[in-house]
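Numbering (the working numbering), first residue to last: 4 to 941. I have placed the structure first, in the form of structure tokens, so that the comments after it can refer back to it.
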Amino acid sequence: MQKAFLQNYFRFLFFLLPIWGIAQELPPIVKYSPSLYGAGNQNWMITQDQNHFVFFANNEGLLEYNGSNWTLYPSPNETIIRSVKVIDNKIYTGCFMEFGYWLRSSDGQLKYHSLSSKIKDKILDDEQFWNILNYEQWVIFQSLNRIYIYDTKTQKFSIITPKNSIIRSFGVDNAIYFQTQNDGLFEIENGKSKLVSNNPILQNNRIVNVFATDDGLLIQTQWNGFYQLISGNLIKFHTEAESVLSASSIYSCQQLSDGSFALGTISNGLFIMSKDGKIKYNITQNRGLSNSTVLSLFEDTDKNLWIGLDNGINCINLQTPVNCFADNTGILGTVYTSLLFQNKLYIGSNQGLFYKNYGSEDNFKFISGTKGQVWSLFEFDGTLFCGHDSGTFIIDGDVANPIFSQSGTWKFATIPHQPNKLLQGNYFGLSVLEKVNNQWVFRNRISGFDYSTKYFEINNHDEVYVSHEYKGVFRLQLDAGLTKVKSKFAYASPTKGKNASLAKFNNTIYYAFKDGIFKLNPQTKAFEKEAVLSKVFEKDEYTSGRLIVDSSNKIWLFSKNYIHYFTLSKLSNQLKQNAIPIPSSLTNSMLGYENISQLSNSVYLIGTTDGYYTININDLSFKNYEVFITNISINKLNQKSSTAAITSEGTFKAAENNITFSFTVPEYNKYINAEYQYLLEGFQEEWSEWSAKSTINFKNLSPGSYTFKVRAKLANSASEKIATYTFTISKPWYATYLALFIYLILIIILARVIHKAYRNYYQKQKEKLIEENNLLLEIKELENEQQLMKLRNEQLSQVVDTKNRELAVSSMSLINKNELLSVIKEDLKNTSNDGNRSIKSLITTITKNISEEDNWKIFKEAFDSTDKDFLKKVKAAHASLTPNDLRLCAYLRLNLSSKEIAPLLNISVRSVEIKRYRLRKKMDLPHETGLVEYILSI
4 MQKAFLQNYF RFLFFLLPIW GIAQELPPIV KYSPSLYGAG NQNWMITQDQ NHFVFFANNE
64 GLLEYNGSNW TLYPSPNETI IRSVKVIDNK IYTGCFMEFG YWLRSSDGQL KYHSLSSKIK
124 DKILDDEQFW NILNYEQWVI FQSLNRIYIY DTKTQKFSII TPKNSIIRSF GVDNAIYFQT
184 QNDGLFEIEN GKSKLVSNNP ILQNNRIVNV FATDDGLLIQ TQWNGFYQLI SGNLIKFHTE
244 AESVLSASSI YSCQQLSDGS FALGTISNGL FIMSKDGKIK YNITQNRGLS NSTVLSLFED
304 TDKNLWIGLD NGINCINLQT PVNCFADNTG ILGTVYTSLL FQNKLYIGSN QGLFYKNYGS
364 EDNFKFISGT KGQVWSLFEF DGTLFCGHDS GTFIIDGDVA NPIFSQSGTW KFATIPHQPN
424 KLLQGNYFGL SVLEKVNNQW VFRNRISGFD YSTKYFEINN HDEVYVSHEY KGVFRLQLDA
484 GLTKVKSKFA YASPTKGKNA SLAKFNNTIY YAFKDGIFKL NPQTKAFEKE AVLSKVFEKD
544 EYTSGRLIVD SSNKIWLFSK NYIHYFTLSK LSNQLKQNAI PIPSSLTNSM LGYENISQLS
604 NSVYLIGTTD GYYTININDL SFKNYEVFIT NISINKLNQK SSTAAITSEG TFKAAENNIT
664 FSFTVPEYNK YINAEYQYLL EGFQEEWSEW SAKSTINFKN LSPGSYTFKV RAKLANSASE
724 KIATYTFTIS KPWYATYLAL FIYLILIIIL ARVIHKAYRN YYQKQKEKLI EENNLLLEIK
784 ELENEQQLMK LRNEQLSQVV DTKNRELAVS SMSLINKNEL LSVIKEDLKN TSNDGNRSIK
844 SLITTITKNI SEEDNWKIFK EAFDSTDKDF LKKVKAAHAS LTPNDLRLCA YLRLNLSSKE
904 IAPLLNISVR SVEIKRYRLR KKMDLPHETG LVEYILSI
């Protein structure tokens with residue numbers, strides 16, 4: 004019990020005390036870790052070239068940063084580079100037993116050229132070069148033992164060797180100074196050392212840097228602060244920061260362009276001291292630096308302070324429209340709201356309500372009683388209201404008076420035509436505050452709507468529009484007494500959305516969520532998409548629909564890569580857009596709870612998860628910058644890329660048609676990112692969209708001439724300077740003019756060959772056609788001849804048939820004659836018995852007339868004339884045949900029957916059959932072959 008009481012008591016005392024050490028607004032600090040820049044932890048010296056590229060003497064080598072990309076060039080002998088200095092177009096470096104310079108080659112890469120190799124035999128063993136200075140035509144390389152002076156015109160060296168070791172060298176206006184151990188301060192004159200002062204203070208104290216003044220020299224020591232050296236006399240230069248600086252070991256010091264001093268310490272971070280000796284900032288590791296050991300300092304041309312740390316690199320934007328307040332202790336917490344009221348800056352966070360006098364270096368103070376989540380701050384009628392997780396407070400200076408504690412309060416809104424009443428959105432819905440006897444009090448809760456009311460607006464007709472992240476948009480009609488909801492309407496469109504918001508701008512209610520921004524049509528009471536505002540969330544830019552209207556009637560929106568604000572045009576009702584390229588990843592705001600408040604006409608405060616930052620929108624103008632093409636890489640498909648020359652026009656092979664351009668604006672502001680727009684003439688007709696990407700790749704470009712152009716803008720300032728690069732992609736060998744000429748010759752030859760081939764072909768076709776026609780004619784003639792022969796054969800056949808018929812008729816006549824004569828003969832024989840001699844003579848005559856031999860001779864002559872060579876063919880086929888056999892064959896050839904043949908042979912029919920049988924045997928015919936068929940087939 005006692006322990007809990009003590010804890011609460013000390014917690015109460017803690018919040019009564021000012022918050023020491025977190026009240027100072029600091030310039031933005033850009034942090035670069037070794038893992039980001041890809042080199043060693045320690046950075047010993049910093050310089051910048053004419054293109055505003057920054058170079059670091061790093062443990063791993065020469066480190067280059069161009070605003071977009073880091074490039075590490077390993078040291079020439081793989082040792083730590085201790086010093087770096089840009090002189091004209093050369094970057095001089097010094098390391099272990101080696102020094103020289105780097106020159107940028109045509110492809111944009113740096114190439115090292117050694118100077119120490121010319122005097123290698125004169126360099127001491129284990130010698131390191133810690134500083135590089137220049138004076139007119141000479142470059143000075145300083146080690147701990149000697150000073151090497153290099154004449155850039157004669158390219159000769161001179162060496163200064165002090166008695167004791169050199170602590171550090173300094174370049175002051177038109178003089179070079181150095182300090183040696185226990186000897187004091189020296190100046191180089193005519194190539195030799197000259198003692199400037201051997202004051203015991205300078206003998207016993209390490210000098211960090213020397214600066215020129217109107218009276219002499221201002222000397223910064225490591226432990227004892229500043230001294231002035233005037234006419235040989237050393238005088239203490241007293242400052243208000245003397246006690247603080249004497250407790251810190253100063254390792255590096257740089258006088259800034261405004262006359263102030265940057266002091267880097269071994270363990271206490273960085274001090275920024277005004278020229279009159281007042282500490283402006285003390286930035287340590289717990290206040291924003293990556294490390295509290297400052298090894299090197301350098302102010303660039305844009306007045307950014309670069310800090311080489313023992314572990315990383317930081318860049319402080321000393322001249323910037325943005326200042327940040329980082330709460331590294333966690334006491335302030337996440338800022339949800341802010342308001343400038345009666346010259347006091349109030350900050351509401353998840354830890355409570357804090358305030359300080361605006362514009363002062365005072366610390367923030369906690370307002371008692373407000374411990375917990377603060378949602379909103381609202382000023383009305385000279386009164387400051389605080390919406391809190393515990394309810395509603397009225398803030399009077401540093402006192403918080405609770406007037407409502409039934410529920411948490413989100414926000415407040417005025418009620419039209421009722422100046423003594425306020426409407427507030429609570430966890431349980433809506434309620435009314437009323438001013439009674441000049442005091443604000445809680446009047447009543449409005450019944451009929453119980454949902455949490457984070458965002459709401461009211462119009463002149465007592466209609467309240469409410470945005471609920473999980474329920475959507477509602478329209479509530481309140482009664483005249485503001486006691487209840489008469490009617491409620493839930494919109495189906497637009498729908499609910501994560502981080503959705505609702506606000507009134509220019510007397511119009513707007514609703515924003517991931518699908519765009521919609522405005523209320525007062526006639527139809529429907530939400531319609533607003534095209535101009537909705538473009539903010541295109542291209543996957545949506546992160547939050549938070550809408551904020553400031554006191555100067557600007558409406559603010561937040562997207563992934565920008566902060567937008569819109570104003571009304573002075574000559575029309577159109578909206579004018581302004582975009583600040585500060586991405587949400589840098590602002591570190593709570594999504595859905597982004598907040599911005601107006602501190603002055605142009606200065607705004609934006610809350611973050613670890614404090615806030617302020618931005619002056621009138622200073623968002625950057626004119627002195629230029630865009631550079633830093634690298635051009637080409638590659639063939641699926642092959643390793645190679646770099647191309649930047650300083651001259653490029654000519655690439657046809658296969659090298661994949662080209663990547665890298666470009667940059669050497670701008671190192673933490674919150675303002677450069678955006679780029681490019682055009683490739685010959686490939687594109689219009690400029691690309693603005694993008695923060697500093698590289699672009701073109702693939703498979705066709706042969707031809709191209710001109711790549713890139714321009715940039717910072718915030719709303721677009722540069723008129725354009726970086727250009729012209730290049731040509733050659734045609735492939737098979738598409739060159741020589742190849743085309745060869746193709747033409749080949750085509751001509753081929754045409755001639757084809758022409759000749761076609762001519763030969765058509766000649767052959769012609770000949771073939773003629774041959775075919777001749778053949779057809781011959782065939783036709785043959786057909787005609789065949790037809791003629793057929794006709795002749797038919798005629799001959801008819802003649803043969805006729806002759807055969809005649810032969811057959813003749814044979815039949817002979818047969819009939821012989822038969823008749825045989826009959827007469829027989830009759831005569833029967834009558835011959837009478838002995839008539841005349842009859843016998845007649846019989847003899849008849850017998851002679853029917854003689855076979857005579858008949859055969861007659862028949863054979865007729866048969867041979869009709870069917871030539873038949874008997875020869877038969878005789879040739881069957882040599883064993885007798886003349887009687889041939890005679891029988893002839894009769895069978897005439898297709899005569901046995902009965903018809905018998906009289907011709909003067910034998911019986913039976914004898915004819917026997918002859919036929921014997922003939923068959925002689926011919927040796929098979930059983931299935933007929934004798935007559937065989938004979939007819941011969």
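We put the beta carbon where it would ideally sit given N, CA and C, even for glycine. Keep in mind that this is a model prediction, so the values were computed, not measured.
With H, G and I counted as helix, E and B as strand and the rest as coil, what does DSSP make of residue i?
{"i": "M100", "result": "coil"}
{"i": "L602", "result": "coil"}
{"i": "T850", "result": "helix"}
{"i": "S299", "result": "strand"}
{"i": "H464", "result": "coil"}
{"i": "Y458", "result": "strand"}
{"i": "P886", "result": "helix"}
{"i": "S36", "result": "coil"}
{"i": "I350", "result": "strand"}
{"i": "W23", "result": "In this predicted model, W23 has a pLDDT of only 38, less than 50, meaning its place in the structure is not dependable; the value taken from the coordinates is given anyway. Three-state DSSP puts W23 in coil, outside helix and strand."}
{"i": "F344", "result": "strand"}
{"i": "A534", "result": "helix"}
{"i": "W736", "result": "helix"}
{"i": "T337", "result": "coil"}
{"i": "A506", "result": "strand"}
{"i": "V877", "result": "helix"}
{"i": "I126", "result": "coil"}
{"i": "V630", "result": "coil"}
Beta-carbon within less than 6 Å of residue i's beta-carbon, same chain only, minus the 5 sequence neighbours each way: which residues are those?
{"i": "F99", "result": "T82, Q131"}
{"i": "W559", "result": "I551, Y568, I599"}
{"i": "I938", "result": "C892, L895, R896"}
{"i": "K716", "result": "E678"}
{"i": "K281", "result": "E243"}
{"i": "G351", "result": "Y339, T340, V377, L380"}
{"i": "V211", "result": "Q223, Q225, I253, C256"}
{"i": "G548", "result": "N502, A503, S504, A515, F516"}
{"i": "Q258", "result": "F214, F264"}
{"i": "T183", "result": "P165, N167, I169"}
Nearest to residue i by alpha carbon, out of the options?
{"i": "A648", "options": "I632, N661, T155, A658", "result": "I632"}
{"i": "D553", "options": "E688, T739, T932, I609", "result": "I609"}
{"i": "I406", "options": "L425, N61, K769", "result": "L425"}
{"i": "N676", "options": "N564, K542, T739, K487", "result": "N564"}
{"i": "C318", "options": "V297, A760, T739", "result": "V297"}
{"i": "T612", "options": "R290, D870, K793, T590", "result": "T590"}
{"i": "I398", "options": "Q409, T386, D392", "result": "T386"}
{"i": "G70", "options": "T667, E245, F711, L743", "result": "T667"}
{"i": "K491", "options": "G451, P584, E544", "result": "G451"}
In terms of DSSP beta bridges, what is residue i paired with?
{"i": "I699", "result": "F664"}
{"i": "C256", "result": "L266"}
{"i": "R171", "result": "Q182"}
{"i": "M48", "result": "A60"}
{"i": "I495", "result": "A quick correction: the sequence has Ala, not Ile, at residue 495. According to DSSP, which records beta bridges pairwise, A495 is partnered with nothing at all."}
{"i": "A726", "result": "V713"}
Give me, in chain order, the residues of the same chain whose beta-carbon lies closer than 7 Å to that of residue i; leave out the 5 immediate sequence neighbours on both sides.
{"i": "S260", "result": "E302, K306"}
{"i": "I275", "result": "S263, A265, K283, Y284"}
{"i": "N524", "result": "E531"}
Please return the same chain residues whose Cβ sits closer than 8 Å to the Cβ of residue i, not counting the five positions on each side in sequence.
{"i": "K878", "result": "L884, L889"}
Taking 8 Å as the threshold (beta carbon to beta carbon), is residue i in contact with chain B?
{"i": "V467", "result": "The structure shown contains no chain B; it is built from a single protein chain."}
At least three beta-carbon pairs within less than 8 Å, the region 615-630 to the region 309-326:
yes
Decide yes or no for the touch test of the region 497-508 against the region 458-478: beta carbon pairs closer than 8 Å, at least 3 of them.
yes
Examine the Cβ distances between the region 367-382 and the region 409-422 and report whether three or more of them are shorter than 8 Å.
These segments touch.
Three-pair Cβ contact test at 8 Å for the region 60-77 versus the region 87-96
The region 60-77, when compared against the region 87-96, does touch it at the 8 Å Cβ threshold.
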